[in-house]
Amino acid sequence: MTLRVLLADDHAMFRSGMRAVLETQPDLLCVAEVGDGHEAVAETVRLRPDVAVLDVRMPKLDGLAATEAILAAPGNATRVLVVTTYDSDEYVYRALRAGASGFLLKSLPPEEMTSAIRVAARGDALIDPSVTRRLIARFTTSIEPAAVPAEVERLTSREREVLLLLADARSNAEIAAALHVGEETVKTHVSRILAKLGLRDRVHAVVYAHLNGLAGTSR
Numbered sequence: 011m012t013l014r015v016l017l018a019d020d021h022a023m024f025r026s027g028m029r030a031v032l033e034t035q036p037d038l039l040c041v042a043e044v045g046d047g048h049e050a051v052a053e054t055v056r057l058r059p060d061v062a063v064l065d066v067r068m069p070k071l072d073g074l075a076a077t078e079a080i081l082a083a084p085g086n087a088t089r090v091l092v093v094t095t096y097d098s099d100e101y102v103y104r105a106l107r108a109g110a111s112g113f114l115l116k117s118l119p120p121e122e123m124t125s126a127i128r129v130a131a132r133g134d135a136l137i138d139p140s141v142t143r144r145l146i147a148r149f150t151t152s153i154e155p156a157a158v159p160a161e162v163e164r165l166t167s168r169e170r171e172v173l174l175l176l177a178d179a180r181s182n183a184e185i186a187a188a189l190h191v192g193e194e195t196v197k198t199h200v201s202r203i204l205a206k207l208g209l210r211d212r213v214h215a216v217v218y219a220h221l222n223g224l225a226g227t228s229r
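The opening position of the sequence shown corresponds to residue 11 in the working numbering, with each subsequent residue numbered one higher.
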């Protein structure tokens, strides 16, 4: 299956470079390039690509506001990846709160960028590895633990274990090794956690766990 991708960045050189990278991948197709946030929203609504790759800093409407508008559009099925040159905790937090499926630095190698597009398209989510644990540390130290929400009681003991490991930025393989189960079993647990808690994806499960005082006990 070919994944349709929209690129939104006010730097033409980055767009052309990303398009060139996408053209080397048989399963990825760039359906549009745009240079500002308003165009990103309009073209995403019109073309309905599988994934929109949005720069944080764009004229007219920044990438975070554009992300919110895209994800709020009726019937939207497009996943959004936010990319930036700037390694900023504030950008990461705002991107996740806006509903992005990932936050990546432009310094990522091309093969990791294309892999991220595929991850987002299949409904998973990710944060650039260089900022994941720092973001989690910020949640741990700067946010007062809240009362545990009632819906957490719907989780089985194993699902709660998986949620705590997700909150510790563990990959499926790392969770599987920690719990001595297969990766497919972990994926099943993650899917059930998201459904029971009404969460979009694993990144938002991480945010949820830290905001609600569930993290920090998986080690």
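Don't be surprised by glycine CBs; every beta carbon is placed ideally from N, CA and C.
Can you tell me where the beta strand (DSSP E) with residue i in it begins and where it stops?
i	result
Leu81	From DSSP, Leu81 is part of no beta strand (DSSP E) but of the alpha helix (DSSP H) over 73-82.
Val63	61-65
Arg14	13-18
Val92	89-94
Report all residues from its chain with a CB closer than 6 Å to the CB of residue i; omit the five preceding and five following residues, and keep chain order.
i	result
Phe24	none
Leu71	Gly47, His48
Ala312	Residue 312 is absent from the model: the chain starts at 11 and stops at 229.
Ala79	Val51
Go to residue i, then tell me how far its alpha helix (DSSP H) extends in each direction, as first and last residue.
i	result
Glu33	22-33
Val55	47-57
Arg128	120-131
Glu169	167-177
Val217	212-221
Glu184	182-189
Is the beta carbon of residue i less than 7 Å from the beta carbon of residue j?
i	j	result
Leu16	Asp37	no
Pro159	Asn222	yes
Val55	Ala83	yes
To which residues of the same chain is residue i closer than 7 Å at the C-beta, ignoring the five residues directly before and after it?
i	result
Lys197	Asn182
Gly133	Asp211
Give every residue of the same chain whose Cβ lies closer than 8 Å to the Cβ of residue i, excluding the five residues on either side of it in the sequence, and list them in chain order.
i	result
Tyr101	Val66, Leu74, Val92, Thr94, Phe113
Glu161	Lys206, Leu207, Gly208
For my contact list, residue i and residue j are in at a C-beta cut-off of 8 Å; report their separation, rounded to the angstrom.
i	j	result
Asp60	Ala131	5 Å
Val31	Pro120	5 Å
His199	Arg180	Not really, about 12 Å apart at Cβ, beyond 8 Å.
Met68	Ala18	7 Å
Leu64	Ala52	Actually they are not in contact, since the Cβ atoms of Leu64 and Ala52 sit about 13 Å apart, beyond 8 Å.
Below 8 Å, how does it come out for the region 213-221 and the region 170-188: are there three or more Cβ pairs, yes or no?
They touch, by the three-pair rule.
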